[in-house]
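Everything on this sheet refers to the single structure shown next.
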Amino acid sequence: MAPITTLHYLVVAAALFILGVIGVLTRRNVVIVLMSIELILNAVNLNLVAFSRMWGLHGQVFAIFVITDAAAEAAVGLGILIAFFRNKETVNVDEVDLLKW
Amino acid sequence: MQPVATTFFFYFLSGITLISGILVITRKNAVHSALALILGLLAQAGLYLMLYAPFVAGVQIILYAGGIMVLFLFVIMLVNLERAQKEEQFNKQWLVGLLAAVALGGLLMTVYLKGSTLFTEHIAQPVENSNTQQIGVMLYGNYMFAFEIASLLLLVAIIGAVVMAKKRI
Amino acid sequence: MLDYITSYLSSNTTPGQAGNVFWALVYIMVVFGGVSVAVMAMNWLERKALAHFQIRLGPMRVGPHGLLQPIADAIKLLTKEDIVPSEADKFVFWLAPLIILCASFTVYIVVPFGPTHAITDLNIGILFMLGVSSLSVLGVVMAGWASNSHYPLIGALRSSAQMISYEVAMGMAVVSAILMTSLNADGTGTLSMIGIVQAQQAQHTWFIFKFFPLGFIAFGIFAIAMVAETNRAPFDLPEAESELTAGFHTEYSGLRWSLFMLGEYAAMIAVSSIAVTLWLGGWMRPFPNTLTGDTWDLVFSLIPGFLFLGLALIAFIGVARMPKHPYFRIQTIGLAGFGAVLGLIGLVLFAPPVRDRIQDIFWFCAKVAVFMYLYIWYRATFPRYRFDQLMRVGWKVLLPVSIGVLILTAIIGVLV
Amino acid sequence: MGDQITKDPASFISHLELDQPDKTFLDSNELIINMGPQHPATHGVLRVILKLDGEKVLGTECVIGYLHRGVEKIAEHRTYTMFNPYVDRMDYVAAVSNGLGYCEAVEKLLNVQAPPRANYIRVILTELNRLASHQLWLGTHALDIGAMTPLFYTFRDREEILKIFEKYCGARLTTHAFRIGGCLYETYDGFEQDVKKFIDFLPPKIDEYEELLTTNRIWVERTKGVGKISASDCIALGVTGPVLRASGVKWDLRKAQPYAAYSDFDFDIPIGQSGDTYDRYLVRMEEMRQSLRIIRQAVERIPEGPIMAKVPKVMKPPVGEIYHSIEAPKGELGYFIVSDGSTQPYRIRVRPPSFVNLQALDLMVRGQLVADVIAVIGTLDIVLGEVDR
Numbered sequence: 032m033a034p035i036t037t038l039h040y041l042v043v044a045a046a047l048f049i050l051g052v053i054g055v056l057t058r059r060n061v062v063i064v065l066m067s068i069e070l071i072l073n074a075v076n077l078n079l080v081a082f083s084r085m086w087g088l089h090g091q092v093f094a095i096f097v098i099t100d101a102a103a104e105a106a107v108g109l110g111i112l113i114a115f116f117r118n119k120e121t122v123n124v125d126e127v128d129l130l131k132w
Numbered sequence: 003m004q005p006v007a008t009t010f011f012f013y014f015l016s017g018i019t020l021i022s023g024i025l026v027i028t029r030k031n032a033v034h035s036a037l038a039l040i041l042g043l044l045a046q047a048g049l050y051l052m053l054y055a056p057f058v059a060g061v062q063i064i065l066y067a068g069g070i071m072v073l074f075l076f077v078i079m080l081v082n083l084e085r086a087q088k089e090e091q092f093n094k095q096w097l098v099g100l101l102a103a104v105a106l107g108g109l110l111m112t113v114y115l116k117g118s119t120l121f122t123e124h125i126a127q128p129v130e131n132s133n134t135q136q137i138g139v140m141l142y143g144n145y146m147f148a149f150e151i152a153s154l155l156l157l158v159a160i161i162g163a164v165v166m167a168k169k170r171i
Numbered sequence: 057m058l059d060y061i062t063s064y065l066s067s068n069t070t071p072g073q074a075g076n077v078f079w080a081l082v083y084i085m086v087v088f089g090g091v092s093v094a095v096m097a098m099n100w101l102e103r104k105a106l107a108h109f110q111i112r113l114g115p116m117r118v119g120p121h122g123l124l125q126p127i128a129d130a131i132k133l134l135t136k137e138d139i140v141p142s143e144a145d146k147f148v149f150w151l152a153p154l155i156i157l158c159a160s161f162t163v164y165i166v167v168p169f170g171p172t173h174a175i176t177d178l179n180i181g182i183l184f185m186l187g188v189s190s191l192s193v194l195g196v197v198m199a200g201w202a203s204n205s206h207y208p209l210i211g212a213l214r215s216s217a218q219m220i221s222y223e224v225a226m227g228m229a230v231v232s233a234i235l236m237t238s239l240n241a242d243g244t245g246t247l248s249m250i251g252i253v254q255a256q257q258a259q260h261t262w263f264i265f266k267f268f269p270l271g272f273i274a275f276g277i278f279a280i281a282m283v284a285e286t287n288r289a290p291f292d293l294p295e296a297e298s299e300l301t302a303g304f305h306t307e308y309s310g311l312r313w314s315l316f317m318l319g320e321y322a323a324m325i326a327v328s329s330i331a332v333t334l335w336l337g338g339w340m341r342p343f344p345n346t347l348t349g350d351t352w353d354l355v356f357s358l359i360p361g362f363l364f365l366g367l368a369l370i371a372f373i374g375v376a377r378m379p380k381h382p383y384f385r386i387q388t389i390g391l392a393g394f395g396a397v398l399g400l401i402g403l404v405l406f407a408p409p410v411r412d413r414i415q416d417i418f419w420f421c422a423k424v425a426v427f428m429y430l431y432i433w434y435r436a437t438f439p440r441y442r443f444d445q446l447m448r449v450g451w452k453v454l455l456p457v458s459i460g461v462l463i464l465t466a467i468i469g470v471l472v
Numbered sequence: 037m038g039d040q041i042t043k044d045p046a047s048f049i050s051h052l053e054l055d056q057p058d059k060t061f062l063d064s065n066e067l068i069i070n071m072g073p074q075h076p077a078t079h080g081v082l083r084v085i086l087k088l089d090g091e092k093v094l095g096t097e098c099v100i101g102y103l104h105r106g107v108e109k110i111a112e113h114r115t116y117t118m119f120n121p122y123v124d125r126m127d128y129v130a131a132v133s134n135g136l137g138y139c140e141a142v143e144k145l146l147n148v149q150a151p152p153r154a155n156y157i158r159v160i161l162t163e164l165n166r167l168a169s170h171q172l173w174l175g176t177h178a179l180d181i182g183a184m185t186p187l188f189y190t191f192r193d194r195e196e197i198l199k200i201f202e203k204y205c206g207a208r209l210t211t212h213a214f215r216i217g218g219c220l221y222e223t224y225d226g227f228e229q230d231v232k233k234f235i236d237f238l239p240p241k242i243d244e245y246e247e248l249l250t251t252n253r254i255w256v257e258r259t260k261g262v263g264k265i266s267a268s269d270c271i272a273l274g275v276t277g278p279v280l281r282a283s284g285v286k287w288d289l290r291k292a293q294p295y296a297a298y299s300d301f302d303f304d305i306p307i308g309q310s311g312d313t314y315d316r317y318l319v320r321m322e323e324m325r326q327s328l329r330i331i332r333q334a335v336e337r338i339p340e341g342p343i344m345a346k347v348p349k350v351m352k353p354p355v356g357e358i359y360h361s362i363e364a365p366k367g368e369l370g371y372f373i374v375s376d377g378s379t380q381p382y383r384i385r386v387r388p389p390s391f392v393n394l395q396a397l398d399l400m401v402r403g404q405l406v407a408d409v410i411a412v413i414g415t416l417d418i419v420l421g422e423v424d425r
């Protein structure tokens with residue numbers, strides 16, 4: 032088999048990214064939408080780390096920032112989700128089409 | 003430490019990553035999705051190790067798999083999702099979304115295939131033994147402001163999450 | 057092939073670093089077998105020691121002084137009916153104990169029993185250990201959720217909240233110990249488990265005594281947090297028997313339950329070995345700096361042998377005190393045999409080549425054993441915390457203190 | 037049918053008027069859990085349906101009757117003498133107290149006076165039984181809160197009391213020690229020595245329990261401020277015994293309306309201030325010491341004389357009704373007996389302290405955490421045999 036190059040990693044990352052996008056665009060369940068966003072962030076991370084192998088450690092540092100970001104995003108997103116569920120008793124995104132209730 | 007059987011492990015780990023990614027977006031039960039995501043994250047940590055990024059791999063396991071995903075599972079348990087499971091899983095514009103995503107994927111693939119010359123194999127000399135140290139130096143040196151902003155972001159997120167999830171404000 | 061096997065013996069690294077698959081496998085077998093045996097021994101010891109704390113005898117029937125009780129228990133658990141609740145999520149229910157077991161056993165890859173006695177030495181060793189052991193919370197959450205029952209669910213929620221909260225304080229305490237590793241001439245610290253012990257060796261002190269009382273406080277925080285991490289008394293709320301019957305593993309039985317049990321004890325040993333590595337000098341013998349010289353080296357290297365001889369002596373005293381009744385004959389013979397095995401091990405440990413190689417492992421295990429005893433002691437003495445109190449202790453006491461210790465350590469480290 | 041109930045505890049709780057401070061606000065994690073009847077910490081077969089918000093208790097409902105044996109109904113078909121052993125089975129932890137209450141009630145009905153020596157023996161045994169009951173309470177209460185070890189210590193020491201019972205009347209738990217009109221058995225040889233030895237044996241042991249618990253940080257945190265109940269609430273609910281005294285009401289039937297020979301002895305009634313679990317613990321610990329004081333006085337001053345009053349072989353109490361109550365270890369134990377002049381009681385109604393005290397559970401745990409429910413059930417010191425009768 033051919034040696035593994037950076038391009039291989041990029042393709043995997045792209046595929047992961049697309050999976051995430053599909054999840055965000057098609058699922059109704061907010062929890063799974065949030066998880067799909069995590070998938071997207073992870074794809075980005077994989078890209079960054081793969082590039083960092085080529086150009087030094089900056090990519091890894093950025094990956095750490097992205098993970099931090101993901102933590103913040105998850106915390107706030109799940110907080111919103113809980114508030115949302117408490118008020119509407121549903122976790123479907125397409126039922127949140129009102130700006131107030 | 004030289005990675006052994008690089009090719010095999012690459013295909014193995016990336017296979018797990020992608021399959022679990024597919025499971026994440028197709029499972030009915032959110033808990034199953036979350037578990038698949040955890041599996042994918044762990045496989046990805048393996049990929050990071052293969053890319054000579056042990057610190058990121060460690061952070062990935064601790065923060066992602068051990069922290070964020072537990073938060074997810076926690077929330078899934080708190081909100082009872084039984085009703086959501088019986089309902090339609092995909093929204094009405096799923097076809098449009100799918101097409102858009104596939105188009106995006108096609109775009110990316112084209113870029114990669116056409117521009118494969120852009121990604122010349124330039125291997126930075128990875129110094130694995132002091133990887134953590136160098137990342138630390140960079141975090142507190144080059145990226146100090148970013149680091150501080152990240153800490154501020156986390157603070158805001160903590161407060162935001164508390165305010166959001168609080169019962170009576 | 058033979059070369060491949062023997063070449064490692066002359067090398068001076070761990071098999072993982074040497075890239076020697078054969079020896080790595082041997083080490084893995086030995087470590088995992090050893091941990092399994094230690095878990096069984098711990099099981100017996102806990103029941104026995106706890107019983108003596110509580111003026112009872114504990115297991116006495118299966119084998120002399122109940123020595124075979126763990127084996128009997130294992131057989132019972134293996135042959136027991138494996139009940140899966142009908143409404144449970146079968147797959148997750150099946151997966152949960154495995155995750156806990158894997159998480160708590162994988163950790164042992166980097167535990168340094170000696171300068172070369174580790175399966176491998178990752179340069180993110182401590183990070184790896186904390187990360188992998190934090191995965192066991194997933195198993196707990198999955199078990200609680202998959203059982204589809206209220207008690208396990210509450211147990212799992214409690215447990216995940218507890219483990220995550222205490223992980224923070226624990227991490228802070230660990231960081232302050234890691235900071236200490238960088239207090240050498242060239243200022244490079246390390247995350248590798250072996251490196252941490254070597255740093256203590258180089259700085260001629262155990263980190264528990266470094267910057268007294270800072271190291272001691274950090275150690276104390278870790279010692280408290282690790283009890284909470286492993287869900288043991290007095291922080292055993294997730295499995296609080298009187299409140300939640302058995303917490304997250306209420307619905308488990310037989311083999312699966314025994315996997316939880318195995319995982320719990322393995323995790324206890326694992327976190328104890330983190331504590332030993334970080335603060336108690338890992339494999340170093342006591343007083344490596346004050347009591348130096350060949351004589352002291354010899355004295356300390358003889359201790360393992362004498363310890364085993366002492367144990368053998370205790371066993372033989374037990375034999376002598378056995379009632380002289382035909383009914384007890386087999387038990388008496390068994391105990392005598394057990395004593396003979398212990399004595400034999402003791403004698404083997406006196407042989408110079410064994411003595412030198414086994415020392416590090418012995419001291420490491422001895423230090424871990426102290427922690428194991430402490431676990432049992434806590435369980436016999438303390439009532440159980442309530443959930444809010446537990447959280448308060450974690451967030452309002454341990455976390456600020458550990459951050460304070462971290463900052464002070466950094467400041468003093470710069471000044472010194 | 038039973039399954040139906042178990043499956044849907046919500047149907048049980050539906051009639052509960054649970055305080056909903058904010059009705060429009062839907063709680064995402066409201067949980068109804070069923071604690072018991074098979075639960076290690078409900079002291080038998082109590083079933084508590086808890087309505088939880090996360091860990092906070094919004095309301096409780098006690099379901100009792102799993103141990104109902106119809107003791108009161110049985111009484112209507114037994115003679116007065118025949119019914120005597122049955123009362124031991126109510127509060128089986130404090131069987132002697134139950135017997136004392138019943139015998140005294142029937143004696144009052146018959147207008148018989150037990151001779152002084154019998155009264156002294158009764159006091160000694162009842163107080164010993166109070167100690168045994170409190171020891172069992174302490175052990176199980178501590179076990180509920182997570183301290184395993186006191187259980188074994190208290191059981192070790194309780195054994196000595198049971199040995200005395202065994203030597204005296206042959207039984208350890210359901211003693212049936214007393215008869216209407218006095219005691220059946222004279223004290224055995226060495227009874228006084230045994231009791232005296234025990235009085236000297238126990239105080240250091242009580243200190244040992246206290247050493248394990250009283251100043252233990254975790255114990256204090258778990259019990260202080262938990263399950264608070266005010267004196268007025270206690271009185272409104274009819275709560276008696278150590279629970280009432282811990283709320284600061286100095287009410288002990290041994291002093292308030294002395295029975296048996298209690299008026300002869302000098303002892304204090306310990307009271308608490310805040311009425312929380314910790315105070316109840318302290319009150320009971322002090323009560324144990326006071327019991328020892330009473331026993332010491334009784335053993336030293338025990339008079340000679342007969343142990344049985346003249347009681348007719350066939351008991352036909354005059355038509356009438358009587359209520360007599362004593363201070364059982366758990367509170368006021370009362371017997372209301374209606375006689376129609378025949379050999380069998382027309383109706384016996386028992387006022388069991390556990391049953392009445394159990395009413396306070398809901399008030400005490402509302403707004404607190406699940407773990408506190410366990411602590412409060414423990415501190416109420418209920419015996420399900422007595423609750424359900």
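Listed in order, the protein sequences are those of chains A, B, C and D.
The numbers in the working numbering rise by one with no breaks, and the one at position 33 of the first sequence is 64.
The numbers in the working numbering rise by one with no breaks, and the one at position 137 of the second sequence is 139.
The numbers in the working numbering rise by one with no breaks, and the one at position 14 of the third sequence is 70.
The numbers in the working numbering rise by one with no breaks, and the one at position 81 of the fourth sequence is 117.
Note that CB positions come from ideal geometry on N, CA and C, so glycine has one too.
Please decide whether residue i counts as near chain E, where near means a Cβ-Cβ distance under 9 Å.
i        : result
MET140/B : The question asks about chain E, but that chain is absent: this structure's protein chains are A, B, C and D.
How close, in whole Å, do the beta carbons of residue i and residue j come, if the pair is a contact with beta carbons under 8 Å?
i        : j        : result
ALA178/D : PHE438/C : Actually they are not in contact, since the Cβ atoms of ALA178/D and PHE438/C sit about 11 Å apart, beyond 8 Å.
GLY469/C : LEU239/C : 5 Å
VAL148/D : ALA345/D : 5 Å
VAL275/D : ALA396/D : 5 Å
So, at 7 Å on beta carbons, what are the nonlocal neighbours of residue i in its own chain, with the 5 sequence-adjacent residues on each side left out?
i        : result
TRP451/C : SER221
PRO126/C : MET96, ASN99 and TRP100
For residue i, I'd like the list of residues in its chain whose CB is within less than 6 Å of its CB, leaving aside the five on either flank, ordered along the chain.
i        : result
TRP255/D : LEU249
Can you tell me whether residue i is helix, strand or coil according to DSSP?
i        : result
LYS92/D  : strand
VAL332/C : helix
ARG442/C : coil
LYS87/D  : strand
ARG383/D : strand
HIS79/D  : coil
Query - Short-range partners of chain C found in the stretch 48-76 of chain B, where Cβ spacing is below 9 Å - result: PRO56, PHE57, ALA59, GLY60, VAL61, GLN62, ILE63, ILE64, LEU65, ALA67, GLY68, GLY69, MET71, VAL72, LEU73, LEU75 and PHE76
Query - Meets three-Cβ-pair contact criterion under 8 Å: the stretch 341-360 of chain C and the stretch 310-328 of chain C - result: no
Query raised in the report: Okay, do the stretch 150-165 of chain B and the stretch 99-112 of chain A touch, 3+ Cβ pairs below 8 Å being the bar?
Result: yes
Query raised in the report: Residues in the stretch 62-94 of chain A with C-beta within 8 Å of chain B's C-beta atoms, listed in sequence order?
Result: VAL62, ILE63, LEU65, MET66, SER67, GLU69, LEU70, ASN73, ASN76, LEU77, VAL80, ALA81, SER83, ARG84, MET85, TRP86, GLY87, LEU88, HIS89, GLN91, VAL92 and ALA94
Query - Interfacial residues, the stretch 85-119 of chain D to chain C, with Cβ spacing under 7 Å - result: GLU91
Query raised in the report: Along the stretch 423-453 of chain C, what residues have a CB closer than 8 Å to any CB found in chain D?
Result: ARG435, ALA436, THR437, PHE438, PRO439, ARG440, TYR441, ARG442, PHE443, ASP444 and GLN445
Query raised in the report: Using a Cβ cut-off of 7 Å, which residues of the stretch 9-28 of chain B contact any Cβ in chain A, in chain order?
Result: THR9, PHE12, SER16, THR19, LEU20, GLY23, ILE24, VAL26 and ILE27
**Report entry** Meets three-Cβ-pair contact criterion under 8 Å: the stretch 307-320 of chain C and the stretch 126-136 of chain C
**Finding:** yes
Report task. Compile a chain-ordered list of the residues in the stretch 232-264 of chain C whose CB is closer than 7 Å to at least one CB of chain B. Result -> THR244 and LEU247
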